[in-house]
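Everything on this sheet refers to the single structure shown next.
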Amino acid sequence: MGSGDDYKFMEIRDAIVAINMKVNLIGVIIEFGFPRRTKGTDCYCAVKIVDQSHQTPGITANIFAESLEKLPHVASAGDIIQLSHVLNFVGSTSFSFVRDIKESEHVNLICKIVYMCEDANNGTLAFVWDGTDAHPISIDTKLTDEISNAQQLGPLVLPRDVLCTLPPVGSILRLIFDKGIEKQSLSMLNTGKWMKFMNVLCEMQVGSFQIVVTTFSKLRYTSNEDNTIQLRQRSYEERLASILGRIPFWSFPSPLTTTEVDHNNEPFTTLMDVLTHSKVTAKFKCVVRVIAIYPFQAKDFRSPEGTYRVRLSLEDPTARVHAFLYAEDGDKFFGEDPSIDVLTRKRNKLLGVSASEKNEASTRNPPWVQCCLKSYYLDKQDAWGSRQYRIFGTRLVASD
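Residue 3 is where the sequence shown starts when you use this note's numbering, and the numbers rise one by one after that.
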């Protein structure tokens, strides 16, 4: 393109069909990515622009420069940018839902940043969500390791006032950043904003998925008017309005036959609903998985006086909690005076352990069960700080 052509600008509508040609554009930025370094010596960022000739979905331009300072400094969506000598080529990007992710895979996601904070090493830690339920994790441990597993409540251990700001349905995942990510890029993150996360890594942390932004990932802000975002927001609102919306997605279509509850007519709630309920003492009905039991040995479930005292670690797509089975609630749950062998088989059924596995290392997948929970406090002077949970009105009907 000659110097005279530097002052000729093309509308985006026409530039789209000018494949493998260099064009000049002026557009309004609707999405912008973090500036970052390439594998070589250059730096780059990406912007998506529109103009009056092409308002949706826009086109994406990758901009390269010798240094971060020479890249465009975008203040916010809506800024106007002039681009010269843009080479147009064909490309496409598909996006997955959180419910589709698998361990050790690189994916493209569209998520909302629902909370940000600093981690223990003064690094940036974010939590992201798209309204769908992450796939339940198969648990790879020896049964003899259950004591240590029972202590873990996963990565979403946040103060109650923070939890109350989070969505009540859908999995919330930790988002962490590799050391190579520029600090100025992290400053662009904002709670409450939807973003496109491209080529991010899914990995496991404390039995839950977390998303890793690497130096090969791309992050872009996008408008709330984007069709993909509106689809996710609309699906979330429809789920909230549904009578079955608080039942985990992955519990369908299998019937919940492992347990029975006394309060069948009560609506289901998520564990996030339980954690953020406005009253300290309340009753709930949930669909959960029992991921650990303490004490683990069935012979230790009862005190020398015969009183049940068992703690179950419960999980659903939104959170994990410890809940106790005590005294008569334990009698109802396990049945009238079962033998140790029967208790062991019931425990294994609840934990998703097959009869052949016993104490060997294995992969187990606990079944979804319904249970009734009630919250209570231990210290009236610190009701919220001493809040606990107890299972009641629930019966295990697994075969003996």
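Think of the CB as a built atom: it goes at the ideal place given N, C-alpha and C, for glycine as much as any other residue.
Separation of the CB atoms of Phe36 and Leu221 is rounded to 5 Å, and the pair is thereby assigned contact status at 8 Å. For Glu105, same chain residues with a beta-carbon under 7 Å away, outside a window of 5 residues either side, are Cys204, Glu205 and Met206 in chain order.
Residue pairing of Lys287 in beta bridges, as defined by DSSP: Cys374. Judged by DSSP in its simplified three-state form, Ser256 adopts coil rather than helix or strand.
The distance from the Cβ of Ile14 to that of His56 is about 4 Å, consistent with a contact at the 8 Å cut-off.
Apart from the 5 residues on each side of it in sequence, Met274 sits with its Cβ closer than 6 Å to the Cβ of Pro170, Thr320 and Ala321 in its chain, given in chain order. Counting along the chain, Ile51 sits inside the beta strand (DSSP E) bounded by residues Cys45 to Asp53. In this structure, Thr134 and Gly172 form a Cβ contact; the two beta carbons are roughly 6 Å apart against a cut-off of 8 Å. Excluding five sequence positions before and after Val109, the CB atoms of its chain that fall closer than 7 Å to its own CB belong to Ser98, Ile103, Val202 and Cys204, given in chain order. In the DSSP assignment, Ala17 falls within the alpha helix (DSSP H) that extends over Ile14 to Ala17. The three-state secondary structure of Asn26, taken from DSSP, is strand. In the DSSP assignment, Met274 falls within the alpha helix (DSSP H) that extends over Leu273 to Leu277. Note that the C-beta distance between Ser377 and Thr272 is not below 8 Å. Across the set Leu27, Ile18, Ile21 and Asn22, the C-alpha of Leu27 shows the shortest separation from the C-alpha of Lys10. The closest CA to that of Tyr328, considering only Leu160, Ile393, Leu165 and Thr126, is found on Ile393. The DSSP-derived three-state label of Ile342 is helix. The C-beta distance from Leu73 to Cys45 rounds to 6 Å, short enough to meet the 8 Å contact threshold.
DSSP places Val159 outside both helix and strand once states are collapsed to three, so it counts as coil.
In this structure, the beta-carbon distance from Val312 to Phe303 falls below 8 Å.
For Ile231, the enclosing alpha helix (DSSP H) stretches over residues Asn229 to Ala243. When beta bridges are read from the DSSP output, Ile393 appears opposite Leu375. In this structure Ile51 is in contact with Ile32, their Cβ atoms being roughly 7 Å apart against a cut-off of 8 Å. Leu89 carries a strand assignment under DSSP once its states are collapsed to helix, strand and coil. Within the same chain, Thr260 and Thr261 come within 6 Å of Val371 by CB-CB distance, once the 5 residues on both sides are set aside. At the C-beta level, Lys114 and Asp142 stay beyond 8 Å of one another.
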